[in-house]
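> One structure, as structure tokens, below. Some questions next.
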Amino acid sequence: MAGGESDGSRLVLLDVFGSPFAQRVRIALAEKGLAYERAEQDLAAKGDLLRRSNPVHGKVPVLLHAGRPVCESLAILQYLDEAFPGTTPLLPVDPYARARARFWAGYADRLHLCGKRLWLRRDDGEEAVEPEARAEMVAVLRALEAELGGKEFFGGEAFGHVDVAAAPFAAWFLTYERHGGLCVAEECPGLAAWAARCARRESVAGNVYPPEKVYELVQEYRQWVLGRK
Numbered sequence: 000m001a002g003g004e005s006d007g008s009r010l011v012l013l014d015v016f017g018s019p020f021a022q023r024v025r026i027a028l029a030e031k032g033l034a035y036e037r038a039e040q041d042l043a044a045k046g047d048l049l050r051r052s053n054p055v056h057g058k059v060p061v062l063l064h065a066g067r068p069v070c071e072s073l074a075i076l077q078y079l080d081e082a083f084p085g086t087t088p089l090l091p092v093d094p095y096a097r098a099r100a101r102f103w104a105g106y107a108d109r110l111h112l113c114g115k116r117l118w119l120r121r122d123d124g125e126e127a128v129e130p131e132a133r134a135e136m137v138a139v140l141r142a143l144e145a146e147l148g149g150k151e152f153f154g155g156e157a158f159g160h161v162d163v164a165a166a167p168f169a170a171w172f173l174t175y176e177r178h179g180g181l182c183v184a185e186e187c188p189g190l191a192a193w194a195a196r197c198a199r200r201e202s203v204a205g206n207v208y209p210p211e212k213v214y215e216l217v218q219e220y221r222q223w224v225l226g227r228k
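So the sequence shown is residues 0 to 228, counted in numbering that gives the first Met the number 0.
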């Protein structure tokens, strides 16, 4: 996407479409109506641009704003609010609410960490799922459900910072269920309903793979990783 902007405001996103962390940034850019260019990266053979832009981790996403790199998805989300104050804000105005939103956005990363324990296990004929891994995932889901409460979105009626941070992982719920022997709708009906609301948003639907596609990609990646061990 290009909006004809000057070099001083040009946005370039270094990403991989299937990365939930990169998806966070694309969702935020869509919610804010910001034009940008995508530069798909090969993470197996990191190019010079990615290495220069994120020399510490060499990972996506990286947002280049006027050529200057901003790394890590949650830092990018906060940067977008601060660098483009005329756009739809994602973080709340109240300092306490902002701090709380930052905490829960970071907590959403636990979905990814717990999920990997479920779908990256090696099935060697023993019990298919580690009870500890399943219990940890359920605990994380319940904590998010408790924070959501009865609200439409984590910030209330408006789709905001925590929703952007967590929405990509909602597409992974099916994968967590199939590998973890759990049902999100039974364990956390409010969170499942929130995931459905997020999936209907244009910003999410256009930037996140459907759950079945996520599951297929995870299966392929899982076979590749376990085949190397």
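In this text, a Cβ means the ideal position worked out from N, Cα and C, and glycines have one as well. Quick caveat: nothing in here was measured; it's all calculated off a predicted structure.
Ser-8: buried (16+ other C-beta within 10 angstroms of its C-beta) or exposed?
exposed
> So which of Gly-85, His-111, Val-24 has the shortest CA-CA distance to Leu-76?
Val-24
> So for Phe-152, helix, strand or coil by DSSP?
strand
> Just how far apart, CA to CA, sit Asp-41 and Asn-53?
14 Å
> Going by DSSP in three states, Asp-93 sits in which element: helix, strand or coil?
Coil.
> Give the straight-line distance between the Cα atoms of Gly-32 and Pro-130, rounded to the nearest whole angstrom.
43 Å
> Terminal residues of the continuous beta strand (DSSP E) containing Pro-68?
67-70
> When the Cβ atoms of the region 55-63 are set against those of the region 12-21, are three or more pairs found closer than 8 Å?
yes
> Taking 8 Å as the line, does the beta carbon of Leu-49 fall inside it for any heavy atom of the ligand FMN?
By its list of ligands, the structure shown contains no ligand whatsoever, and the ligand FMN lies outside what it can speak to.
> Taking Cβ positions, are Gly-205 and Ala-132 nearer each other than 9 Å?
With respect to Ala-132, Gly-205 sits apart: the two C-beta atoms are not nearer than 9 Å.
> Over the uninterrupted beta strand (DSSP E) stretch that includes Asp-14, give me the two end residues.
From DSSP, the beta strand (DSSP E) with Asp-14 extends over 10-14.
> Go ahead and pull the three-state DSSP assignment for Arg-141.
helix
> What is the residue span of the alpha helix (DSSP H) that Glu-39 lies within?
Per DSSP, Glu-39 belongs to no alpha helix (DSSP H); it is in the beta strand (DSSP E), 36-39.
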